[in-house]
């Protein structure tokens, strides 16, 4: 990726000695930034910091640690973020406002003083153009595999690259949950254009996934544009020449978001929920998430049980307009309901077979409008309980 | 209970032969009714029926079956309810509008024709004043114990009795979830007064519990007043002479609601969450439920892990006004946080000891207002997964 060098090194924040837990990205001078963050009312110190500097629109460095979320750490947490910004700014010769930060890990434990600052020189030595695997490793917590994706697209005929890494597997819900994603492009786009492209792509990807409905204090998606691609200048996000780029960005974000769901804590099945015929797109997404977050739907999927009554229950509890007698439910392509009851010749055999697979498709048509949305989730298994009943001990 | 006779018999709706699955209550002529129902947009046929007849305010019979929810059963489901009403009305010599009904069990499976009607004569033969144990048994589904409670109070010096039974252990959330409760009193109160008393009591009991955040299609709470007590007439719900009665009703409902939580599917711990200092009582309840419904909080409790950072996360995601730096969290009476960080001398030892108990107390003070609420929930264990991944098979 022209204009980006990355590194993943060990800073001693994860309990396991020598584990990679610090990701640093160096961006070419003049790089532009966009970001979306958690909607939590108790955001982490790095989220507060990023929100404060984002209006400047420029970025030279991204510093991310795993092993400690630096959330609910009071003024000490703010000081850690400021110290990290100053250390990185001195090393890279840039203003502190160009140092983006994110942290993930346990909440409420102070970050040991200067642990990040002391590891920065080693990270800088390790910076190179192709250390994406190490970078993706360094931001993992309970993730079982590193997450990365790449796309090649064009702007007005000039080739442009998009690459990103992400982490997350629990505390995953819309509004960014405990997930971090960092995307990079060599496109030359001003911050306002970049932000509009990212916000739209995030709504259809990171904000359309859920593992457990829990939204974290730390969710952060950053998109950096290094401007190394020599395409014609673009001043508006809805410029037709950005169509391929926007589409590739949405595709990249969906790829990363779906990797997070596939790595959902304890997940054994990947579930796609398509909602159509709702009163509006917002209503469709809420209904999709009510299904995706229902513990009873998720445990039925874990049990490979074609218990579609729980889908009816979840639609009913979403609080969105619905008409029982127009509701159509399809699982694995098999229509199950019509006119408020099971179809006359309903045969559970193909549905039961579909439930045994690892990719589950649920489609719900409300029959009352044109709103549509797709959300992705996973099943709720004993593995989730084991991981989370025993996270700190 | 003067004016009430009950029976619990087998109608062949539960798969296990001979299992009690039909509850019938006969109410003295002139009994008044109040009810609160699920807010699901896909309510069951019996819920639709009860909503339709409730404005009449009178009741002579309550017929409840377990084993089949008669939900999402289309027009066939409506016909089952009408047939049951006609059969009961003929046997008891009352209008069909005085036959209240509720059903609980699997969704989307038609009730076998006339199974309920055919069992009614046997139920009537079994009616007696003290078959409460059989009645509470007949409405169980995954419940591991029958749920009943009783209170003696007074209206203007005249003794009045309140008794109730309930069921529910999964698909439990505010707005009545999959729970049924039937309360009876010999008080002589008109329907409008009764309804206001019940609505208020339900808000502070059945609507303040959650097992899994899933709201069912079938939730029903009915309160019948037989008018056998010879107290002075009361025409207004806010009459001071009703204070003891209202308090006893709230107490009875909380007792039944807490029994449901204690029997939560897979539950091993009973959790009381007190929220104070919120912007309003509604805001306090939403924050309490965000904590109570968080899979990560619930699994931490299951794991006896004093991971209070997840409480911060849940407060943050509730979407209600909160200020990280005014938030105070207390577990088992031990203050953990102050000014947006752990208290200086925080010692986890007593908190860890509290987490090993079976009664967990979490108190959150927002520090920004006077709104308060208490909600009750249970932990999320392997047992919940086992029960729900394998419910129908």
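Residue numbers (this note's numbering), protein chains in the order written: chain F, 4 to 396; chain E, 4 to 396.
The C-beta atom is built at its ideal place from N, Cα and C for all residues, glycine as well.
Because the structure is a prediction, the values reported are computed rather than measured.
For residue 358 of chain F, the uninterrupted alpha helix (DSSP H) run begins and ends at 351-358, by DSSP.
Residue range 161-170 is occupied by the beta strand (DSSP E) that includes residue 169 of chain F.
Note: residue 366 of chain E is bridge-paired with E/277 and E/333 in the DSSP secondary-structure output. Spanning the alpha carbons of residue 15 of chain F and residue 292 of chain E requires a straight line of approximately 37 angstroms.
Per the DSSP secondary-structure output, residue 85 of chain F pairs with nothing in a beta bridge. According to DSSP, residue pairing for residue 381 of chain F in a beta bridge involves F/273.
At least 8 angstroms separates the beta-carbon of residue 222 of chain F from that of residue 26 of chain F. Taking C-alpha positions only, residue 337 of chain F is separated from residue 43 of chain E by approximately 25 angstroms. If you draw a 10 Å sphere on the C-beta of residue 88 of chain E, you find 16 or more other C-beta atoms in it, and that means buried. In the structure shown, the three-state DSSP call for residue 316 of chain F is helix. For residue 260 of chain E, the CB contacts under 6 angstroms within the same chain, skipping 5 residues up- and downstream, are 208, 209 and 212 in chain order.
Spanning the alpha carbons of residue 138 of chain E and residue 12 of chain E requires a straight line of approximately 8 angstroms. Residue 164 of chain F is a Cβ neighbour of residue 188 of chain F, given a cutoff of 8 angstroms. The three-state secondary structure of residue 55 of chain E, taken from DSSP, is helix. Taking 3 residues as the shortest admissible run, the segment 195-224 of chain F contains no complete beta strand (DSSP E) segment at all.
Chain E places a beta carbon closer than 8 angstroms to that of residue 43 of chain F, counting this residue as a contact. Using a CB distance cut-off of 8 angstroms, residue 16 of chain E does not count as an interface residue toward chain F.
Assigned with DSSP and collapsed to three states, residue 30 of chain F falls in strand. Taking a beta-carbon distance threshold of 8 angstroms, residue 110 of chain F counts as an interface residue toward chain E. When C-alpha distances from residue 111 of chain E are compared across F/382, F/309 and F/107, the shortest belongs to F/309. Excluding the 5 residues flanking it on each side, residue 120 of chain E has same chain C-beta neighbours closer than 7 angstroms at 86, 87 and 90, in chain order. Below the 8 angstroms Cβ cutoff, chain F contributes no neighbours of residue 128 of chain E, its closest Cβ being approximately 34 angstroms away. The beta carbon of residue 57 of chain F is closer than 6 angstroms to those of 38 in its chain, skipping five residues each way along the sequence. Think of a sphere of 8 angstroms around the beta carbon of residue 234 of chain E: no beta carbon from chain F falls inside it, the nearest being about 40 angstroms out. In its chain, beyond the 5 residues on either side, 12, 13, 14, 15 and 25 have a beta carbon closer than 8 angstroms to the beta carbon of residue 122 of chain F. Counting only Cβ-Cβ distances below 7 angstroms, residue 311 of chain F has contacts in chain E at 111, in chain order.
Between residue 228 of chain F and residue 106 of chain F a beta carbon distance of about 24 angstroms is seen, past the 8 angstroms cut, so the two are scored as non-contacting.
Taking a cut-off of 8 angstroms on C-beta distances, the segment 293-304 of chain E touches the segment 354-373 of chain E, as three or more cross pairs fall below it.
Pairing residue 9 of chain E with residue 130 of chain E gives a Cβ-Cβ distance under 8 angstroms. The C-beta distance from residue 248 of chain F to residue 186 of chain F rounds to 12 angstroms, too long to meet the 8 angstroms contact threshold. For residue 344 of chain F, the neighbours in chain E by C-beta distance under 9 angstroms run, in chain order, 75, 76, 77, 78, 79, 80, 111 and 113. Shown here, residue 42 of chain F sits in coil according to DSSP, grouped into three states, outside any helix or strand.
In this structure, residue 369 of chain E sits away from residue 317 of chain E, with a CB-CB distance that is not shorter than 8 angstroms. Counted as a single uninterrupted DSSP element, the beta strand (DSSP E) harbouring residue 155 of chain F occupies residues 150-158.
Chain order gives no chain F residues near residue 54 of chain E, where near means a beta carbon separation below 9 angstroms; the closest approach is about 14 angstroms. Taking a Cβ-Cβ threshold of 9 angstroms, the residues of chain F close to residue 305 of chain E are 388, 391 and 392, in chain order.
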